[in-house]
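Everything on this sheet refers to the single structure shown next.
2 protein chains.
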Amino acid sequence: MIPVEEARAQLFDLVAPLPAETVPLIEASGRVLARDLRANRAQPPFDASAMDGYAIRAEEAVRGAMFKVIGESAAGHGFSGPLGAGQAVRIFTGAPLPAGAGFVVIQEDTQQNGDVMTITADPGTSHNIRPAGSDFAAGATVSAPRRLTPADIALLASMNIADVPVTRRPRVAVLSTGDELVMPGEDPGPDQIIASNSFGLHAMLRELGAEPRLLPIARDTLQSLREAFETAEGADLVVTIGGASVGDHDLVGEAAARFGLERAFYKVAMRPGKPLMAGRMGAAAMVGLPGNPVSAMVCGHVFLAPMIRILLGLDRHVPDLRQAFLAEALSANGPREHYMRAVVRNGEVRAFDRQDSALLTVLSQANALLVRPPHDPPRRAGESIGYLPISRAEGD
Amino acid sequence: MIPVEEARAQLFDLVAPLPAETVPLIEASGRVLARDLRANRAQPPFDASAMDGYAIRAEEAVRGAMFKVIGESAAGHGFSGPLGAGQAVRIFTGAPLPAGAGFVVIQEDTQQNGDVMTITADPGTSHNIRPAGSDFAAGATVSAPRRLTPADIALLASMNIADVPVTRRPRVAVLSTGDELVMPGEDPGPDQIIASNSFGLHAMLRELGAEPRLLPIARDTLQSLREAFETAEGADLVVTIGGASVGDHDLVGEAAARFGLERAFYKVAMRPGKPLMAGRMGAAAMVGLPGNPVSAMVCGHVFLAPMIRILLGLDRHVPDLRQAFLAEALSANGPREHYMRAVVRNGEVRAFDRQDSALLTVLSQANALLVRPPHDPPRRAGESIGYLPISRAEGD
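As they're listed, the protein sequences go chains C and G. Residues 1 to 396, numbered by full-length UniProt numbering, are exactly what the first sequence covers, in order. Residues 1 to 396, numbered by full-length UniProt numbering, are exactly what the second sequence covers, in order.
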């Protein structure tokens, strides 16, 4: 058995960043920026008013001063002339400051009668001007790689960037194997169950930014598996579920080997999820996950998620564990790293009593995997312990 | 000015859960379950082996015992006959237990010679059987409303649910207004800037589960605004950006009123984001956000996100603030609730020095809004303070 860290390092070596493609800005959120971008202009592009009020010369901003209002500067329609002593220009938030102006008196501190404006209150020391380039200068950089957030999209828009180079989405073929499986909506025989891991992994992969594709269920024959691998053509990553164990009925390894897999087989010192098959199969990376419902999903979080990050051009990154306080004591852990389904709430983490790897109901109720290192000693309630968040849901 | 809580309550009254639609299971992740679902079958549907090994009668599980191997039970292919005393059936993980069996001896504790199997080690007390229905019984419920996670999708699959009733995605029309705006990729005039908020909000709304649609930029004329409102037809929510302030150039309120808006106008005691317009406009809710880049995005997090939750059928839910320790002291807050762009890392929160609401660069670097209640006293470094997470990115 090899430690989780070692298995992860070997899996990481199977994948490399994918090439870039260009998408319109409106489709770029959540995608990973593939190369540095530079602002096509400064923001603001001119000295701009931060408030509604009157633009005047800086030295004239004193209570009681009176001005002749000579024009108006609105957003999109600046005042073209210069501004002299004793003159004011009515100005609105975001509008260009007239040449010569150095102060914006806010509306609330003024009174206008006809074309005469009087400062009626102490205008204070803030000039209420956003200098040109105070948000960013022309040429300012947004650095890759970076998963673009909604705020980034707004920033790129304001830099006048309409098309964005992003890493292509990883194409992941997901293959369930086993004579016992039927698809949801089908009528299972008495010895059959419904394929569920492939659907869960499909959803997880899509959330990670990949482009997953479910292949038809492969039967437990070399012929059926061979056909399945053929339909995986074009994938960057092939994920099989089931048949990665050592039982007599595990044909996936054999079929993959015949299909060109340079195979590595790991018994990983982890619970759930011990058996793992991996290698390169032509242009694709291949990972064989255990068929156990929860094992497959846990391996998805622990192994597939960081592999997708690498394919997306993000760094080789082992997800940092977060810390929470144990709600209940835990007995000593055995020799395998244990990923316990748990709920984190208000900084406290509580592992479920039932940790059998067949229980999807328990996984569905969990929002975290509490991580016990190998041979972790007994832990008391209130101790701090590491966990991996597995659900975005907050109060959903 | 009204407090943020009051503004939020009034906005919440403008929206109600949308009707349900049915989507295939493979498209259901991230959607909100619209009504309770019941399992079409139990899982496992039969007593199943939890290990690879041999099924025997429960009372015969003792070291040294010998058995005649009479057949095999594999996943998908059970052993049809009953199992008598002194008999064993080779069995694999997930396979149905033969009638009469009450124990699975794991492979590692056995030896087989021809058709004779001997238990070579203490088989222990765990019977290695997953009883029928131990994950869930037929008829077990998944309760609505619930935003479906990948684990939920796996669970629904195993319940043999192929089609899922989910709340329809809220259709949100996003309208930027102002003569100063051009679209990204266009060539701005000297007094113009690039529309950015609409792009940022579009990305945010999509992440929240809505179906946003960008309308063409409306110019500062009643005619242009009227045309824009016409193209918003069919939206559940119309979000305008800009023109919600009190300046002379704010025509949006007037145009919306002519278009049937039962208008409410709030000056909300918050920073950034003070002016807010809202009401019902025909079948749609309408919210007018301030045009300031950061104000619009902050209002998106504070107001639009929970409104989308309600439209999706989730509860009226004010996002719980999380707590972190202040990295640096903060001076007393004024009369308005202050949402400060900040970075949370390792349980510590640090507000940016520059909080001007025009700075998108600062928003893009933030992963949280540190929340200062009105009149919050000065805070010392190390004190615990509330924040709203605004980015899913973890180490991205």
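Note that CB positions come from ideal geometry on N, CA and C, so glycine has one too.
Name the one or two DSSP bridge partners that residue i has.
i	result
N113/C	V116/C
M307/G	None, per the DSSP bridge assignment.
D163/C	P24/C
H375/C	H375/C pairs with nothing; no bridge assigned.
V142/G	L37/G
L326/G	V349/G
M270/C	E337/C
S364/C	None; S364/C has no bridge partner.
E262/G	R280/G
Q355/C	DSSP lists no partner for Q355/C.
V69/G	A88/G
P212/G	V172/G
Suppose the cutoff is 7 Å on Cβ atoms and the five residues either side in sequence are ignored; what does the same chain contact list for residue i look like?
i	result
S158/G	Q43
A144/G	L33, A34, R35, D36
L370/C	M340, A342, V349, A351, I385, Y387
N367/G	V343, V344, P389, I390, S391, A393
V105/G	G53, Y54, I56, A61, I119, P123
Would you say residue i and residue j are within 8 Å of each other, going by their C-beta atoms?
i	j	result
I308/G	P165/G	no
V294/C	P306/C	no
A154/C	L326/G	no
G253/C	M281/C	no
A65/G	I129/G	no
A50/C	G78/C	no
L251/G	L222/G	yes
T141/G	L18/G	no
Y54/C	T110/C	yes
V239/C	R213/C	no
D52/C	Q107/C	yes
F229/C	A264/C	no
D152/C	S364/G	yes
R379/C	L321/C	no
V172/C	A235/C	yes
D115/C	V69/C	yes
With a threshold of 8 Å on Cβ separation, who are the neighbours of residue i within its own chain once the five nearest residues in sequence on each side are excluded?
i	result
D163/G	T22, V23, P24, L25
G209/C	G30, R31, V32, R147, R169, P170, I308, L312
E60/C	F67, A85, G86, F103
G347/C	A324, F325
D248/C	Per-residue confidence for D248/C stands at a pLDDT of 49, beneath the threshold of 50, marking its modelled position as unreliable; no derived number is given.
A232/G	A173, L175, L215, V238, A284
G5/C	A quick correction: the sequence has Glu, not Gly, at residue 5/C. For E5/C, where only same-chain residues beyond five positions count, the Cβ hits under 8 Å are V318.
P3/C	V268, A269, E337, P374
Counting only the same chain and skipping the five closest in sequence on each side, list residues whose C-beta sits under 6 Å from that of residue i.
i	result
L289/C	I241, A296, C299
A285/G	L14, V15, L237
residue 401/C	In the structure displayed, chain C extends from 1 to 396; residue 401/C sits before or after that span and is not available.
E72/C	R90
R219/G	D179
A381/G	L326, E328, A329
A332/C	P377, P378
V246/G	Reliability fails at V246/G, whose pLDDT of 49 lies under 50, so the model's placement of it is uncertain and no value is given.
E383/G	L326
V362/C	R341, F352, R354
Residue i: which of the options sits nearest, CA to CA?
i	options	result
E180/G	V172/G, M66/G, A39/G, G189/G	G189/G
A138/G	E59/G, G200/G, G124/G, N160/G	N160/G
I194/C	G76/G, Q192/G, N197/G	G76/G
A9/C	G279/C, L330/C, S357/C, Q365/C	G279/C
P374/C	A173/C, S224/C, N346/C, M270/C	M270/C
residue 397/G	R379/C, R41/C, E328/C, G382/C	Lying before the first or after the last residue shown, residue 397/G is absent from chain G, which here runs from 1 to 396.
D187/G	P45/C, R258/C, L97/C	P45/C
M1/C	Y266/C, P377/C, V287/C	Y266/C
K274/C	A232/C, R316/C, H338/C, N333/C	H338/C
E227/C	H202/C, G234/C, F259/C	F259/C
residue 406/G	E207/C, V182/C, P150/C, L225/C	Residue 406/G lies beyond the stretch modelled for chain G, which goes from 1 to 396, so this question has no answer here.
E207/G	A28/C, R354/C, P131/C, A121/C	A28/C
D315/C	P272/C, A20/C, F12/C	F12/C
Could you check whether the Cβ of residue i sits closer than 7 Å to any heavy atom belonging to the ligand ZN?
i	result
P96/C	With respect to the ligand ZN, the structure shown offers nothing to examine, as it has no ligands at all.
Compare the C-beta of residue i against all C-beta atoms of chain D and say whether one is closer than 8 Å.
i	result
S384/C	The structure shown has no chain D; the protein chains it does contain are C and G.
Q) Listed in chain order, which residues of the stretch 194-206 of chain C have Cβ atoms closer than 7 Å to some Cβ of chain G? A) I194, A195, S196, N197, F199, G200, H202, A203, M204, R206
Q) For the stretch 146-178 of chain G, which residues have a CB atom closer than 9 Å to at least one CB atom of chain C, in sequence order? A) R146, R147, L148, T149, P150, A151, D152, I153, A154, L155, L156, A157, S158, M159, N160, I161, A162, D163, G178
**Q.** Residues of the stretch 67-79 of chain G whose Cβ lies closer than 7 Å to any Cβ of chain C, in chain order
**A.** From the stretch 67-79 of chain G, only A74, A75, G76, H77, G78 have a Cβ closer than 7 Å to chain C.
**Q.** Interfacial residues, the stretch 130-142 of chain G to chain C, with Cβ spacing under 9 Å
**A.** R130, S134, D135, F136, A140, V142
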